[in-house]
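So the mapping is simple: the working numbering equals the position in the sequence shown, first residue as 1, plus 13. Note that beta-carbon positions come from the ideal geometry of N, C-alpha and C, so glycine has one too. On a predicted model such as this, the values are computed, not experimentally measured, just so you know. These notes concern the structure reproduced below.
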Amino acid sequence: MNDKEIIEAVLFAAGGAVDTQTLAKVVNKSAKNITPVIQTLMEEYSARDSGMEIVDLGGRYVMQVKPKYTDLVSPVAPKELRAPILRTLSMIAYHQPVVQSELVDMRGNSTYDHIRELKERGFIEAVPHGRTKLLQTTPLFADYFGLSSNDPESIKKRIVDLSRQQSGKEGLDRWLGRKFVGITPMYRSLADLCGIKDYRIINAYNPTEEELESLADVFKLVVSRGYEEKVSKFYDGEIIEVRSTTFGDIIDSINALESVADPEKSKENIELITDLRDRYVSKALVISKKVKPATDMIARIVSDLRLGVSAEGCVIAPDYGTSSEGVNISEGADILVPTHSKVEGDIVDRVCRKYDAIIDGLKDLEK
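Okay, here's the thing in structure tokens:
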């Protein structure tokens with residue numbers, strides 16, 4: 014037997030990373046003398062047509078299946094950790110150091126059993142922290158996932174990569190226990206106005222099975238005003254009702270998301286929207302014609318523009334035609350205001366289109 018064969022046998026039998034000192038001790042040579050032998054063995058594995066490779070993890074070496082064969086061998090590979098325990102381990106690795114009581118809140122009481130097994134296997138360690146404990150990974154965890162160090166940032170990146178490979182963005186959220194703000198499609202741009210980065214677009218009004226699963230990862234859900242009762246059939250978290258008929262509505266909606274918003278971004282956009290509203294009010298000041306709003310929605314826009322109201326004024330109505338009560342709201346109106354279903358763009362653009370329709374319509378009637 015030569016040194017190279019012995020090292021190869023040790024790496025195969027170890028099933029994990031082995032440091033240079035240990036390999037040197039096995040062959041009864043110094044670490045300095047054994048390093049070139051290891052490098053030669055690595056080069057041979059790299060050059061040959063083999064499903065295996067030897068990887069340098071920074072002074073530690075592991076023999077493993079080449080990444081391109083991982084999916085092929087996974088059905089017959091030993092399942093050392095059950096999925097629920099692996100998920101708990103992933104969450105510890107991602108959030109470390111994580112308070113044990115907080116992890117239990119996220120994962121449930123079965124987490125105590127997971128923690129016990131992970132500690133027995135040597136993947137994590139627990140450090141006393143008041144009445145609870147702080148959990149973090151050990152060097153053995155780094156070996157298990159083929160990492161060069163137990164550095165938390167390196168581990169976090171690796172966990173994200175693995176989770177995305179297995180189940181994509183949605184799966185990543187569930188595996189890492191992250192909670193998101195849920196936004197119904199109409200209010201996507203509201204999240205951007207607030208500077209909210211961790212949000213998910215969900216149709217919460219008539220959710221599919223997949224959307225119901227996504228709702229489980231949401232801790233605040235933004236819906237249109239008047240839909241709380243309907244949405245609460247599918248979602249039991251905090252529901253924030255907003256609307257975007259007027260510029261004032263948008264400002265109120267941004268303020269309603271204050272707890273999850275970027276303060277600077279929100280303040281900046283509130284100032285921009287306030288300035289935009291002032292400019293529209295200035296345009297409306299030169300209009301003397303009185304108006305008669307056909308609906309509450311139109312009345313609120315008229316009020317925001319500070320237009321004069323009269324029972325004999327020109328009728329302004331939304332363009333959706335028949336109401337839920339069966340009344341044709343749009344019939345006989347002097348000015349029709351575009352509703353959300355017929356206007357593209359973000360919520361600010363849609364409000365501008367409404368205000369433009371009223372101001373331009375009144376100017377045309379005054380000619």
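- Between D347 and V322, the gap from beta carbon to beta carbon reaches 7 Å or more.
- According to DSSP, D69 shares a beta bridge with Y74.
- Relative to the Cα of R201, the nearest Cα in the group N219, S237, E284 belongs to S237.
- Nearest C-alpha to V39 among A22, T101, T53: A22.
- For S237, the three-state secondary structure derived from DSSP is strand.
- Per DSSP, G321 has no beta bridge partner at all.
- For G195, there is no enclosing alpha helix (DSSP H); the enclosing beta strand (DSSP E) covers residues 193 to 196.
- Taking the Cα of F154 as reference, the smallest distance to any Cα among H142, I168, P141, L147 is reached at I168.
- For the pair I360 and L203, the CB atoms are nearer than the 7 Å cut-off.
- Short of 7 Å from the beta carbon of P152, and not among the five residues preceding or following it, lie these beta carbons of its own chain, in chain order: N163.
- In the three-state reduction of the DSSP assignment, E344 falls in the coil class.
- Going by DSSP, Y212 is part of no alpha helix (DSSP H) but of the beta strand (DSSP E) stretching over 212 to 214.
- For G326, the CB contacts under 8 Å within the same chain, skipping 5 residues up- and downstream, are K302, K303, V304, K305 in chain order.
- Under the three-state reduction of DSSP output, Q52 falls in the helix class.
- Membership of T287 in the alpha helix (DSSP H) is indicated by the continuous run 276 to 298.
- If you draw a 10 Å sphere on the C-beta of N216, you find fewer than 16 other C-beta atoms in it, and that means exposed.
- Non-local beta-carbon contacts of I283 in its own chain, meaning distances under 7 Å to residues more than five positions away in sequence, involve I264, I267 in chain order.
- The beta carbons of F136 and T124 sit about 14 Å from each other, so the pair does not count as a contact at 8 Å.
- Counting only the Cα atoms, L206 lies some 9 Å from D275.
- With fewer than 16 other beta carbons inside 10 angstroms of its own, F25 counts as exposed.
- Its Cα nearest to that of P110, the residue P141 stands out among P141, I51, P220.
- A direct Cα-Cα distance of roughly 37 Å separates T145 from E222.
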